[in-house]
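Peer 1: Below you will find the structure I want to go over with you.
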Amino acid sequence: MNFDFSEEQEEIRRQARRFLAERREQLRDVLDGEASYDVSAWQAVVDMGWPAAAIAEEQGGLGLGYLELCVLAEEFGGALVPVPFVSSVLQATEAIKLADDTAQANEWLPRLANGELIGTLAFSEGQAGRSWSDRPQAIVEQGRLSGCKTPVADGLAANLAVVSAVAAEDGDSFGWWLVSLEQPGVSRSADDAVDRVRKHATLQFDRAEAIRLGKPGSGADMARQLMNVTAVLTAFEQLGGAEAALAMAIDYSKTRQAFGRTIGGYQALKHKMADIYVKNQLARSHAYFGAWALAHQAPQLPLAAAGARLAAIDAFNFAAEENVEVHGGIGFTWESDCQLLYRRARLLAVSLGGRQRWARQLVAQLAQQPDVLSH
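Take a look at the structure:
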């Protein structure tokens, strides 16, 4: 079992890191302004071909796989460039792929691949603690969707949403629908989310035209699959953020002077950095296991996804908090970028269900695979 990325995948990492570093300067423009995302940076991402990375060639993509997506997720997680990459590429596109609906995939994936469309996933209805596979309140009657979804990541930037709802005609069965957000039956308003870089919105649907994605009755199974896929990809995003927080803390500790020496020379600070590093490496090990399971569609995916999710939540939360502490008073200010990583850590810790949800999945999977505990 090989957990290393190939040289080609590492080259994608290097390319993405250089590219994103050059575009991080515009982050504050979106943070302090009215724009929902950096339009020019997103067009550059499209020009790089990354929205098409894991889409099949016959559907306008590059035909790469989940390992390449994991690499990109980690780099985007560390850069915080305000573009809808996660919502459109790692969530909406993956939802359409997992639906096993060839007609809809052929219709929508080429347009997501070439950047004509920006997608998002609309599942939350403002109720804490709910899972994607729980029965939603939104309802579809005769191909028309009514209901409210909030908060929706990049809901102001997107023009296509994959929406969870129940179908009145099918005995209120749970399913997923494709909805254009540029139609009279849709209204959008900005949400005041904890993360000011990744803007969120409330989407209100009033008999909006909706197209079923996947077969009737497949909604809950698709939700569970999608949760596991996005858990692994989000773990890499969190890992990227945790590594960025560690790098920021180390850089500051090498330049900040206190009592005649750099603060990085003090043992207490060295221990902080070491603790962050250890948690990050634990998260990386779990994330790599998740990437392997995802790439091979291994039966261990639910177990690996839960482990990756839990380790990544702990690592990013810890790294972001300690980074603020290392910076002292300035770390708490709006002008410092410490708060950006801290806010992102808090957002990602709950965006797919919090620690309790994934701890329950981990325990359930371990109970089903007792041989794992014996090694």
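Take the numbering used here: the final residue in the sequence shown is number 818, and no numbers are missing along the way. Ideal Cβ positions, reconstructed from N, Cα and C, are used throughout, including at glycine.
1) On the DSSP letters alone, give me the boundaries of the alpha helix (DSSP H) that I756 sits inside.
2) Nearest chain C C-beta to L784 closer than 7 Å, yes or no?
3) Let me know if E517 comes out buried or exposed under the rule of 16 or more other beta-carbons within 10 Å of its beta-carbon.
4) Using 10 angstroms around the beta-carbon of E686, count the other beta-carbons present and answer buried if the total reaches 16, otherwise exposed.
5) When burial is assigned at 16 or more other CB atoms within 10 Å of the CB, is A484 buried or exposed?
6) When you compare only the Cα positions, how much space is there between R667 and F617?
7) Between A548, W493, W551 and A499, which lies nearest to L533 when the distance is taken from Cα to Cα?
8) S567 by DSSP, collapsed to three states: which one?
9) Just to confirm my understanding: we take Q502, look at its own chain, exclude 5 residues before and 5 after, and list those with CB closer than 8 Å. What are they?
10) Tell me which same chain residues have a C-beta within less than 7 Å of the C-beta of L791, skipping the five on either side of it?
11) Taking Q458 as part of the alpha helix (DSSP H), name the residues at either end of that continuous run.
12) Starting from the N-terminal side, write out each stretch of the beta strand (DSSP E) that is 3 residues or longer and does not extend beyond the stretch 538-608.
13) Looking at the strands, I want to know which residues DSSP matches up with L646.
14) According to the neighbour-count rule (16 or more other Cβ atoms, all chains shown, within 10 Å of its Cβ), is E500 buried or exposed?
15) Under 8 Å: do the stretch 578-589 and the stretch 447-464 share three or more Cβ pairs, one atom per stretch?
16) What's the C-alpha gap between L603 and A674?
17) Could you check what DSSP says for R786 in three-state terms: helix, strand or coil?
Peer 2: In terms of the structure at hand:
1) L744 to H770
2) No chain C is present in this structure, which holds just one protein chain.
3) buried
4) buried
5) Buried, since its Cβ has 16 or more Cβ neighbours within 10 Å.
6) 12 Å
7) W493
8) coil
9) A548, N549, L552, P553 and A556
10) T677, E680, Q681 and F759
11) E450 to R466
12) As far as the stretch 538-608 is concerned, its whole beta strand (DSSP E) runs of at least 3 residues are 562-565, 582-584 and 587-596.
13) K592 and R631
14) Classification of E500: exposed, given that the 10 Å Cβ count is below 16.
15) no
16) 22 Å
17) helix
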